[in-house]
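To start, the structure itself, in structure tokens.
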Amino acid sequence: MAKFIYRMQSILEIKVKLEEQAKTEFASAKMHLDEEEEKLRILTDRKADYEEQGRILRKDSLKVMEIMENKEAINRMEEFILFQQKRVIQAQEQLEDARMRLQEAMQESKTHERLREKAFEVFVHEENAKEAKEVDELTSYTHSRKA
Numbered sequence: 127m128a129k130f131i132y133r134m135q136s137i138l139e140i141k142v143k144l145e146e147q148a149k150t151e152f153a154s155a156k157m158h159l160d161e162e163e164e165k166l167r168i169l170t171d172r173k174a175d176y177e178e179q180g181r182i183l184r185k186d187s188l189k190v191m192e193i194m195e196n197k198e199a200i201n202r203m204e205e206f207i208l209f210q211q212k213r214v215i216q217a218q219e220q221l222e223d224a225r226m227r228l229q230e231a232m233q234e235s236k237t238h239e240r241l242r243e244k245a246f247e248v249f250v251h252e253e254n255a256k257e258a259k260e261v262d263e264l265t266s267y268t269h270s271r272k273a
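Numbered continuously in our numbering, the sequence shown closes out at residue 273.
Listed below in structure tokens is the structure:
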């Protein structure tokens, strides 16, 4: 049986490499999103701590300077949280872009893999037809020699 050679094998290999690269980019974007969400969670927790401190300050005694500092810290945390929320949204958009590129790369590589499988099926069918023809010719030759 002859050896199967897929003429677009180099394209298939490139598509597989592009898919692997897209997977790496997606994983990187996911890690970046997780980091940004963790930063947002930390800021939110910090703001909650400042708010709790403010409640305690107002409850115990009226230390005006400490209450004002606490209020300023809460306001600053709100600014940081808004900024961080924007960064989380950007990271989500980057993740979605990476997901779309990954999906497209996977689709292209699967398409080329299917084309390779179909080419292999055609090759096997042609080889079987050649074998059958050779067997028929050999049988005809053998039968005609006996006669």
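We treat Cβ as the ideally placed atom computed from N, Cα and C, and that holds for glycine.
Here the structure is a predicted model, which is why all the values come from computation and not from measurement.
DSSP places Arg213 within a helical segment (H, G or I) once states are collapsed to three. Three or more Cβ pairs drawn from the segment 204-217 and the segment 168-188 lie within less than 8 Å of each other, which places the two stretches in contact.
Counting along the chain, the unbroken alpha helix (DSSP H) around Tyr176 starts and ends at 135-186.
The C-alpha of Leu188 lies about 11 Å from the C-alpha of Arg181.
The Cβ neighbour count for Phe246, taken over all protein chains shown within 10 Å, is under 16; the residue is labelled exposed.
Note that the segment 151-159 does not touch the segment 244-260; fewer than 3 beta-carbon pairs, one per stretch, sit closer than 8 Å.
The beta carbon of Leu228 sits closer than 8 Å to the beta carbons of Glu145, Ala148, Lys149, Glu151, Phe152 from its chain, once the five residues preceding and following it are set aside; these are given in chain order. Inter-residue distance for Leu241 and Glu257 is about 24 Å (C-alpha atoms, whole angstroms). Restricting attention to Glu243, Thr265, Thr268, the CA atom closest to the CA of Phe130 is found in Glu243. With a beta-carbon spacing of about 11 Å, Ile200 and Glu178 fall beyond the 8 Å limit used to define contacts.
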